[in-house]
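Those sequence lines, one after another, are chains A and B.
If you count the first sequence from 1, position 102 lands on 102 in my numbering, and the numbers rise without skipping.
If you count the second sequence from 1, position 116 lands on 116 in my numbering, and the numbers rise without skipping.
The beta carbon of each residue, even a glycine, is placed where N, CA and C say it ideally should be.
All figures in this text were calculated on a predicted structure; none of them were measured in a lab.
2 protein chains.
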Amino acid sequence: MDALLCGVDLGGTKLSVGLVEQDGRLVDKVVAYDHTRKAEAELVLQIRDLVRELLRRNRLDESALLGIGVGFAGHLRFKDGVVITSSNFPGLRIKNFPLRKAIQEHFRVPVAVDNDANAQGYAEHRFGAGAGYDTVIFLTLSTGIGAGLVLDGKLYRGMTGTAGEFGHTIVEPSSDLVCGCGNRGCLFALAAGQSLPQLVKKKLDRGLKTTLEIEDLRRIDGRRIKEAVDRGDELARAVVLECADYVGIGLYNLFQIFNPPVIVLGGGLINWGPLYLERIEKKFYSLAGDMLFDPIRIALSKLGPDAGVIGAAALVLEKP
Amino acid sequence: MDALLCGVDLGGTKLSVGLVEQDGRLVDKVVAYDHTRKAEAELVLQIRDLVRELLRRNRLDESALLGIGVGFAGHLRFKDGVVITSSNFPGLRIKNFPLRKAIQEHFRVPVAVDNDANAQGYAEHRFGAGAGYDTVIFLTLSTGIGAGLVLDGKLYRGMTGTAGEFGHTIVEPSSDLVCGCGNRGCLFALAAGQSLPQLVKKKLDRGLKTTLEIEDLRRIDGRRIKEAVDRGDELARAVVLECADYVGIGLYNLFQIFNPPVIVLGGGLINWGPLYLERIEKKFYSLAGDMLFDPIRIALSKLGPDAGVIGAAALVLEKP
């Protein structure tokens, strides 16, 4: 049997560890939900124990692994494998925590650590919707918005390792929607899951009717919006279409910058379905017009609900 | 003596051909202004004759050249060296004209053809303000706005060869400023030299006073705006600052996407000087805030008035 990949998805809500074949198929996984409040040392031990558990119950030894890839929902200084920001992980308090080194200490096989959007983008290139393309722009539409840039066969990471923060590009500077980053009118503020409460509030202020429970706006998320749309909710529908228009502008901007053969959309919001996705495409094509000299594919992620783990695992396959 | 580079700058106003040393120093050049209305075959012969003239008066043979690089002010299908759009060259009417092949037929040394912004970006990386950096984002602020992307040591061109069309990224979708591309609120419409007439008109409509000659708005260009600013013109000053704010947003978007160590600004509008450049930086830093994990250099082009020719010549040095 070929060596397996181990993927560790360090997300903001769950920590998933999976065994993945070299063609991207998930073999088995374990999940924990109590990781975000753990301090550094504890979190690293939890990861170690989850990997060991997974190996044990599959009757495997560490030597069955080609390596361990870790996808982290935050900024990393890539070359050093060091955490820069960790707003999703209140337990992480050590400045510049050397995440890769700390995990590596518990394993003999190589450990790679990267931002989760980069990891998923690379997985789409290796065995997802971007397979067969040398250049793949992956855009995740989720609680946040971010991109993974595979250019000419390689993950492009930039100076620090934070390239692809496409969610913070500004497309409506005079917007009254403010992002957690402090700026107005970045894609994150206009179209990310985390911004849905303020998007709903804005529509309420304009008098749109809704069946959403609006007593506590903070509880509004992508799933609730989807359910409301499905029951014919006018306001939820308007929110989905507005998000789609901004994502369409983002896609167009990515097209002008990268002229890629394929853009892959992933993240939970793609479950909003055709109302959302068709509007994104419509906006994109209306802007691109006759500037599309070659056809571009706009594809949906093929990695499914385990995209995080499979993405993390794919990092192991990256050549230095 | 080391072999020389020959650069051919096929611009919208002039055709310059230069001999350039391998460190980027210009040795000699010839310029023509009557090229844009020539048909394909004539234009190619004009290029051949200018190269020959330059060689002759420097007592050189073609074998003294390492190769010939051509920077073209329009869209090219890079791999084939074929012209896609040629709005700057009314004489070019043949669809998909194979520019590289047509020029190559007249020379034994290799001929490389690329978009002018790519060429200049590569030259900044090889021997300009981006020397010593593996990744250089070059942004030209001129009649148009465009980028040349040198990523991890290589020019990134995308699928067709039209990557880096950063001027057409949209940053103000509800703007009333429309670009030649048909879209509203792209950087080109908001801040390029070609858009100055409509920017001036907008300020006039808002009642700003000016000493500019506004009988024929089409004559308003970067130079006239600069002269007006220098004599204390309120409207011209407002135009410069507004352009700078949008370029600052563009720079910030480039930073979030590429996380580059350096962004090089070039093109004629940088001659607007400190009023413009300091405002661009101010906008950039106010947006980047605490998201700048490593310092980024914002530098001005070092290639000077012959950036076009030197850029074209640099293409010869590119490894396949």
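Look at the Cβ atom of residue i, then the Cβ atom of residue j, and state whether they are nearer than 9 Å.
i	j	result
B/LEU5	B/VAL17	no
A/ALA200	A/GLY250	Looking at the sequence provided, one finds Val at residue 200 of chain A rather than Ala. For A/VAL200 and A/GLY250, no; Cβs fall outside 9 Å.
A/ASN115	A/HIS75	yes
A/ASN214	A/TRP272	The displayed chain sequence assigns Ile, not Asn, to residue 214 of chain A. Cβ atoms of A/ILE214 and A/TRP272: not closer than 9 Å.
A/VAL136	A/VAL264	yes
A/GLY311	A/ASP9	yes
A/LYS154	B/ASP152	yes
B/GLY69	B/VAL316	yes
A/THR210	A/ASP233	yes
B/THR36	B/GLY121	no
B/VAL229	B/ARG237	yes
B/VAL321	B/GLY130	The shown model of chain B, from 1 to 320, leaves out residue 321 of chain B, and the question about it has no answer.
B/PRO320	B/TYR133	no
B/VAL150	B/LEU196	no
A/ASN96	B/GLY289	no
A/ALA64	A/LEU141	no
B/ALA3	B/LEU43	no
B/GLY148	B/ALA117	yes
B/ASN88	B/GLY12	yes
A/LYS203	A/ASP176	no
A/LEU212	A/LEU235	yes
B/GLY185	B/GLN194	no
If you follow the alpha helix (DSSP H) that residue i is in, where does it begin and where does it stop?
i	result
B/GLY81	Neither: B/GLY81 is in no alpha helix (DSSP H) and is coded neither H nor E.
A/CYS181	No alpha helix (DSSP H) holds A/CYS181; DSSP gives it neither H nor E.
B/ILE263	That residue, B/ILE263, is in no alpha helix (DSSP H); its beta strand (DSSP E) goes 262-266.
B/ARG93	No alpha helix (DSSP H) contains B/ARG93, which DSSP labels as neither H nor E.
A/LEU196	196-205
B/GLY222	222-230
A/LYS101	99-104
A/LYS283	274-288
B/GLY193	Premise fails: B/GLY193 is in no alpha helix (DSSP H) and is neither H nor E.
A/ALA314	307-314
B/VAL171	Careful: B/VAL171 lies outside any alpha helix (DSSP H) and carries neither H nor E.
B/ASN253	234-258
B/LEU322	Beyond the ends of chain B as shown, which are 1 and 320, falls residue 322 of chain B; an answer cannot be given.
Let me check understanding here. Comparing Cα to Cα, which of the options lies closest to residue i?
i	options	result
B/PHE293	A/SER63, A/THR85 and A/GLY81	A/THR85
A/GLY164	B/GLY153, B/VAL309, B/GLN256 and B/ALA288	B/GLN256
A/ARG25	A/ALA307, A/LYS319 and A/GLU318	A/ALA307
A/LEU187	A/ILE220, A/ILE145 and A/ALA117	A/ILE145
A/VAL83	A/LEU99, A/ILE103 and A/ASP49	A/LEU99
B/GLY304	B/THR160, B/PHE258, B/GLY128 and B/PHE284	B/GLY128
A/TYR276	A/GLY222, A/ALA313 and A/GLY81	A/GLY222
B/LEU354	B/LYS203, B/ASN58, B/ARG48 and B/THR160	Missing from the structure shown is residue 354 of chain B; chain B here goes from 1 to 320 and no further.
B/TYR285	B/TYR252, B/ALA314 and B/LEU300	B/TYR252
B/LEU54	B/LEU269, B/ALA32 and B/PRO274	B/ALA32
B/CYS243	B/LEU190, B/PHE138, B/PRO295 and B/GLY81	B/LEU190
A/ARG56	A/ALA39, A/GLN194 and A/VAL30	A/VAL30
Counting C-beta neighbours from all protein chains within 10 Å, is the total for residue i 16 or more, i.e. buried, or is it exposed?
i	result
A/LEU254	buried
B/ILE94	exposed
A/LEU45	exposed
A/GLY7	buried
B/SER174	exposed
A/GLU124	buried
B/TYR156	buried
B/GLY207	exposed
A/LEU300	exposed
B/LYS79	exposed
A/LYS321	Nothing can be reported for residue 321 of chain A: it is not among the residues displayed for chain A, which extend from 1 to 320.
B/ARG77	buried
B/ALA313	buried
B/ARG108	exposed
A/ALA41	exposed
A/ALA119	buried
A/ALA73	buried
B/ARG218	exposed
Provide the residue(s) that pair with residue i in DSSP beta bridges, ordered along the chain.
i	result
B/PHE138	B/GLY148 and B/VAL264
A/GLY69	A/GLY7 and A/ALA112
B/LYS154	B/LEU151
B/ARG77	B/VAL82
If I follow the unbroken beta strand (DSSP E) through residue i, where does it start and stop?
i	result
B/VAL20	15-20
B/VAL31	26-32
B/ARG297	297-300
Quick one: which chain E residues come within Cβ less than 8 Å of residue i?
i	result
B/HIS75	The structure shown contains no chain E; its protein chains are A and B.
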